[in-house]
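Okay, so the sequence shown: first residue is 15 according to our numbering, each after it adds one. Beta carbons: idealized from backbone N, C-alpha and C, even for Gly. Structure, as structure tokens:
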Amino acid sequence: MPTGETTAMKIEAIRIPGTERAVSHVRRWCLDQLGDDHPVLDDALLCLSELVTNAMRYTDSGQGGQVHVELSFSERAVRVEVLDNGGSATVPCLADVDEEGVSGRGLRIVSFLASAWGADRRGRGHAVWFELRG
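Below, the structure written as structure tokens:
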């Protein structure tokens with residue numbers, strides 16, 4: 015639940031296979047849950063896309079595994095948690111990015127847009143989450 019949130023939260027979850035279409039599928043699901051008029055929809059979709067892409071690219075989730083996404087939301091706030099299958103040696107963190115590099119900016123985007131975010135080990139895998147308030 016987003017920090018300081020006092021209105022009732024709705025909680026939804028989805029488990030998606032680690033396929034090429036995972037990101038577009040989970041974006042559509044999130045849009046269906048929040049509705050196209052939610053005040054933080056665009057930021058939520060962008061941050062969610064970054065976290066699912068990272069799970070697919072850097073963990074066993076993208077090697078025939080799965081990604082589990084939990085979405086908690088109210089009329090003005092969103093909290094998303096993405097759980098991967100593990101296989102990465104480190105907990106996700108902000109990367110040093112070369113100006114001309116084409117990757118490594120996902121968590122920086124999340125960090126910039128979110129009111130809070132974090133990453134923790136969960137069993138073999140990781141849980142990476144963010145909160146947004148509108």
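Whose CA, out of the options, lies closest to the CA of residue i?
{"i": "Asn68", "options": "Arg147, Arg136, Ala141", "result": "Ala141"}
{"i": "Asp57", "options": "Ser125, Gly32, Arg136", "result": "Ser125"}
{"i": "Trp131", "options": "Glu95, Gly148, Asn99, Val83", "result": "Glu95"}
{"i": "Gly148", "options": "Ser129, Asp134, Arg135, Ala133", "result": "Ser129"}
Quick check on the burial criterion: 16 or more other C-beta atoms within 10 angstroms. Buried or exposed for residue i?
{"i": "Phe144", "result": "buried"}
{"i": "Arg93", "result": "buried"}
{"i": "Thr73", "result": "buried"}
{"i": "Gly139", "result": "buried"}
{"i": "Glu64", "result": "buried"}
{"i": "Ser38", "result": "exposed"}
In whole angstroms, what separates the C-alpha of residue i from that of residue j?
{"i": "Gln47", "j": "Lys24", "result": "9 Å"}
Run through DSSP, which three-state label would residue i get?
{"i": "Gln80", "result": "strand"}
{"i": "His140", "result": "strand"}
{"i": "Val92", "result": "strand"}
My guess is that residue i and residue j are in contact by the Cβ rule of under 8 Å, so how many angstroms apart are they, rounded?
{"i": "Leu121", "j": "Leu146", "result": "About 15 Å; that fails the 8 Å criterion."}
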